[in-house]
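Chains as they are written, first to last, in the working numbering: chain G, 26 to 404; chain Y, 505 to 987.
Structure follows, in structure tokens:
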């Protein structure tokens, strides 16, 4: 889509030039010169002057965390995220690429998944619980098996969360399908401008899940959930599949009172992941789950729910000093609540906060909500 | 056919319409739901761009409404039903009981002096208290007291008749009942005004959670000589500490008396009280020091477009916010010359006569700083003061700036009762919830014989409200006389 069409589509011309986006942007606070408002102004001007190609090579479009805080606050409801996504698509086409973190290993893994290499994605699941070959529910595991290998040193266990999720599902009487043929959900490709690769992954996953006869797809990862729910339908017509977040399932079971929880003596706070909170609108289920555990003391951070701040990185890209500062600010905010544990609901947030904490001396622990739930259930 | 006219709403627009009609020989009923007429203008300290005292302009008009032979003032009264058509409307109104006989009360105020119940004073935006028997504001018309039956002890089944006993005019009447009656009028003017937008809806601004973040209307009361501070410019946190100090001093006094009587019995029986007293005596100087540090107000931030020009809340511009912030900054500087005011604005809309000059004067004579940039969020700075996060659109810098006080220029939103009134009478509302008018006849609503003026039609300043009121009055006269 041309930049001019993009400006039209995302209502960029509604911008009042007021600066609320930049004043709210977590990146602008730590990276002087980065300004969402200026970026918009730049593209509008370049489009007017017919100089789009010249600005498409610039780096600032990759500095955005796509955290949606500006979108939340924009008085003109400019669809800033869609604008950035569109510009990234064009920039990628023009050969301008995002700066990868971790030497690009995570992007390589995604790329390799489109080559038809056989993967062993189910061995852990057979050990952890009961899965089926076909059935109503599909459990979308996503990239956590890879994260587990890459970030083990940091003391995180993304696959542990997946195992716990499967065990909890089994307790609810759900024996989901898990498949070796599943591929990355494509979230990072979508937000890195590589829309062709994203499409390939999306179509593959939808075709696979349909072939297995599943109707409902369970997600534990906010990115997978959001991508499947909001962005797959853009490219896959007649999906006929329901995306269900694991926490909504758990919350339903809590309301029905189907299981017993043992007390946990902890004081916890909760970090809203951008994809789950602002973008998917899920604020209550995670909080209700925490509140249902006896003995737990829950405290909110100063910036919570719609106003929560990003964990500092998206798409495994641009990890730098400014990401660290955003993470440290957030961790300090969590510590200021007096909580001993920072609960996250996203494997990436979990990894990023754990990384930041590894170089700081704080009496704070980062824990995944599913793992917290599992310990209260005695799993 | 009926030649009488009803005006609904006793703010500046309704008052002007009422006076214009009365002067033209029409009989006018002015209905006001509050105990006194005056409306929002009565709450303002000064008016822009002339810095005139608001109540001084308004006071004579209030009197005139009451004294004019052609007006009938119906305060504490609400419209319940409207039927009929232009030239012949039947209006059912309900007058709430004041429990004070209007014709007997001399407004001497003895009752309020002695009344034991204090509740937050709505007129002072809850920043001070009033008694259960009260006058809505000192210059309020009619000049009579009213018993608030939601606060008065009598209406809670408790024993008390202090006000009735002390009233020399024998005006208090706990048995007074509400009255419902009908008016027959030829035309109706809707002047129901507006509501101040509640900024607690905007979470990042921290209104009610961060101390010393207040609305423009609250600030007006803080500036005003009849306001909660008697016109001494103070921040709410300082008022709060002062109240705590007073409370503590009272407790200390009580404890001292108690200790004395206990010591008479035996030395040991006073131990506990002595300990508590020592603790309180230690706490007092700490509070006093904190209070003293809050006494002086050095800088104020004005945050523009709070809930206005914002598709999430109100798409429309409040039209007076830019100017009232300049005015408040000017008046604040007159209270304390060392004070620095900074106005954070989307863009300065100084469109009216003399407005632009007023802004320039604000900058040159009063040192007001204008920062172009809408405030993104308000937090608590390291020094405990409210801190404003904003991108300065001229320097393109994102900065956190702490201030002693942050004043929110809140949006102008339709009054709460307007929807009900519109369905009762049948006139249309526009997309923002204000009364829809004919572009060629700006005071005409969609119903013949029903006119509108002031902020019921849309956000506007005082001079515009007044001229629109005259227009509505003139249209009402034309309608009634033509029939």
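Built from N, CA and C at the ideal position, the CB exists for glycine as well.
In three-state terms, what does DSSP make of residue 572(Y)?
Residue 572(Y) falls in the coil class under three-state DSSP.
Taking 8 angstroms as the CB-CB cut-off, is residue 910(Y) touching chain G?
With 8 angstroms as the cut-off, residue 910(Y) does not count as an interface residue toward chain G.
By the 10 Å Cβ neighbour count, where 16 or more other Cβ atoms means buried, how is residue 553(Y) classified, buried or exposed?
Residue environment: residue 553(Y) is assigned as buried (16 or more neighbouring CB atoms within 10 Å of its CB, all protein chains considered).
Among 879(Y), 846(Y) and 933(Y), which residue has its Cα nearest to the Cα of residue 45(G)?
Residue 45(G) has its Cα closest to that of 879(Y), out of 879(Y), 846(Y) and 933(Y).
Who are the near neighbours of residue 912(Y) in its chain, counting only those whose CB is closer than 6 angstroms to its CB and skipping five residues on each side?
Sequence-distant partners of residue 912(Y) (beyond 5 residues in either direction) whose C-beta falls short of 6 angstroms from its own C-beta, in its chain, are 703, 719, 807 and 810.
Residue 102(G) versus chain Y: which residues are under 8 angstroms apart at the beta carbon?
Under the 8 angstroms cutoff, chain Y gives 815 and 816.
Along chain Y, which residues have their Cβ under 7 angstroms away from the Cβ of residue 180(G)?
By Cβ distance, chain Y contributes nothing, its closest Cβ being about 32 angstroms from residue 180(G), past 7 angstroms.
Return yes when the Cβ of residue 960(Y) is within less than 8 angstroms of the Cβ of residue 939(Y), no when it is not.
With contacts defined by Cβ atoms closer than 8 angstroms, residue 939(Y) and residue 960(Y) form a contacting pair.
With a threshold of 16 other CB atoms inside 10 Å of the CB of residue 205(G), please say whether the residue is buried or exposed.
Residue environment: residue 205(G) is assigned as exposed (fewer than 16 neighbouring CB atoms within 10 Å of its CB, all protein chains considered).
Under the rule that 16 or more other beta-carbon atoms within 10 Å means buried, what is residue 845(Y), buried or exposed?
Buried, since its Cβ has 16 or more Cβ neighbours within 10 Å.
Name, going along the chain, the residues of the segment 47-61 of chain G whose beta-carbon falls closer than 7 angstroms to a beta-carbon of chain Y.
Listed by position along the chain: 47, 48, 49, 53, 54 and 60.
Just to confirm the assignment, what range does the alpha helix (DSSP H) spanning residue 229(G) have?
220-236 is the span of the alpha helix (DSSP H), which, as asked, contains residue 229(G).
Which one of 788(Y), 723(Y) and 731(Y) has the shortest CA to CA distance from residue 754(Y)?
The residue with the shortest Cα to Cα distance from residue 754(Y) is 788(Y).
Where the beta strand (DSSP E) through residue 163(G) begins and ends:
First-last of the beta strand (DSSP E) with residue 163(G): 162-165.
Residue 893(Y) - partner residues in DSSP beta bridges
DSSP lists 881(Y) and 904(Y) as partners of residue 893(Y).
By how many angstroms is the C-alpha of residue 251(G) removed from the C-alpha of residue 341(G)?
Rounded to whole angstroms, residue 341(G) to residue 251(G) spans 17 angstroms at the Cα level.
8 angstroms Cβ cutoff, residue 846(Y) in contact with chain G:
False, the Cβ-Cβ gap to chain G never drops below 8 angstroms.
Leaving out five residues before and five after residue 576(Y) in sequence, what residues of the same chain have Cβ atoms less than 8 angstroms from its Cβ?
Contacts found: 531, 532, 533 and 534.
Quick one: what does DSSP say residue 381(G) is sitting in, helix, strand or coil?
DSSP, reduced to helix, strand and coil, places residue 381(G) within a helical segment of the structure shown.
Once DSSP output is grouped into helix, strand and coil, what is the label at residue 46(G)?
Here residue 46(G) sits in helix by DSSP.
When you check each C-beta in the segment 869-882 of chain Y against every C-beta of chain G, which residues fall closer than 9 angstroms?
Hits within the stretch, in order: 876, 877, 878, 879, 880 and 881.
Please confirm whether residue 725(Y) and residue 852(Y) have their CB atoms less than 8 angstroms apart.
For residue 725(Y) and residue 852(Y), no; Cβs fall outside 8 angstroms.
Whole-angstrom distance between residue 740(Y) and residue 712(Y), CA atom to CA atom:
In a straight line, the C-alpha of residue 712(Y) is about 11 angstroms away from that of residue 740(Y).
Under three-state DSSP, which class holds residue 924(Y)?
In the structure shown, residue 924(Y) sits in a helix (DSSP, three-state: H, G or I).
If I measure Cβ to Cβ from residue 536(Y) and keep anything under 6 angstroms in the same chain, skipping five residues before and after, which residues do I get?
The answer, listed in chain order, is 514 and 579.
Nearest-angstrom Cα separation, counted from residue 895(Y) out to residue 645(Y):
Within the model, the alpha-carbon separation for residue 645(Y) versus residue 895(Y) is close to 47 angstroms.
C-alpha distance - residue 820(Y) paired with residue 670(Y), whole-angstrom precision
Roughly 51 angstroms separates the two Cα atoms.
The segment 286-295 of chain G in contact with the segment 258-266 of chain G per 3-pair CB rule at 8 angstroms:
No: fewer than three Cβ pairs fall under 8 angstroms.
Opposing strand residues paired with residue 948(Y) [DSSP bridges]:
DSSP lists 955(Y) as partners of residue 948(Y).
Name the DSSP bridge partner or partners of residue 916(Y)?
In DSSP, residue 916(Y) forms a bridge with 700(Y).
C-beta neighbour in chain Y for residue 43(G), strict 8 angstroms:
True, the Cβ-Cβ gap to chain Y drops below 8 angstroms.
Buried or exposed: where does residue 138(G) fall if 16 or more other Cβ atoms within 10 Å of its Cβ makes it buried?
Its Cβ being crowded by 16 or more others within 10 Å, residue 138(G) is buried.
Would you report the Cα separation of residue 605(Y) and residue 611(Y), rounded to the nearest angstrom?
Here the alpha carbons of residue 611(Y) and residue 605(Y) stand approximately 11 angstroms from one another.
Does DSSP classify residue 758(Y) as helix, strand or coil?
Three-state DSSP puts residue 758(Y) in a helix.
Which residues in the same chain have their Cβ closer than 6 angstroms to the Cβ of residue 123(G), if we skip the five residues on either side of it in sequence?
Counting only Cβ-Cβ distances below 6 angstroms, and skipping sequence neighbours, we find 87, 217 and 342.
Any C-beta of chain Y sitting closer than 8 angstroms to the C-beta of residue 98(G)?
Interface criterion met: the Cβ of residue 98(G) is under 8 angstroms from a Cβ in chain Y.
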